[in-house]
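180 is the number of the first residue of the sequence shown in our numbering; add one for each residue after it.
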Amino acid sequence: QVQLVESGGGLVQPGGSLRLSCAASGSGFSLYNMAWYRQAPGQQRDLVASIFTSNTTNYIDSVKGRFIISRDNAKKMVYLQMNTLKPEDTAVYYCKAFYLWTAYWGQGTQVTVSS
180 QVQLVESGGG LVQPGGSLRL SCAASGSGFS LYNMAWYRQA PGQQRDLVAS
230 IFTSNTTNYI DSVKGRFIIS RDNAKKMVYL QMNTLKPEDT AVYYCKAFYL
280 WTAYWGQGTQ VTVSS
């Protein structure tokens, strides 16, 4: 089993940057694919970026060139570097670990982009 705790959210002005962190505990972290999702008020939770055990990454079109997902298996950490933030990036960001039919979620961290 894996437990996930996100951190690094906050209030930032448009054009600014934030780095989200997801700390994992438990065994087998390197076997899990990892992803960041976000959920804006009144909206569904959507995939933002994923990184697989092969270190292959995928991004939704709206964050390509602005966000970077990375992982450090030795530290059991996943990161989301967010640059050139826009008001539409405002959401609660969630970390997810998934492998075959198993998935674990963190509690989320709020990101607010506003002047």
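For every residue, glycine included, the Cβ atom is placed at its ideal position computed from N, Cα and C.
query                                                                                                          : result
F210 (DSSP reduced to helix, strand or coil)                                                                   : Reading the sequence as shown, one finds Leu at residue 210 and not Phe. Note: L210 maps to helix in three-state DSSP.
S233 - partner residues in DSSP beta bridges                                                                   : In the DSSP output, where bridge partners are listed per residue, S233 has none listed.
Pair within 7 Å by beta-carbon distance, T269 and V292                                                         : yes
Touching by the beta-carbon criterion (3+ pairs, under 8 Å), the stretch 269 to 284 and the stretch 245 to 255 : no
Pair within 7 Å by beta-carbon distance, S196 and S186                                                         : no
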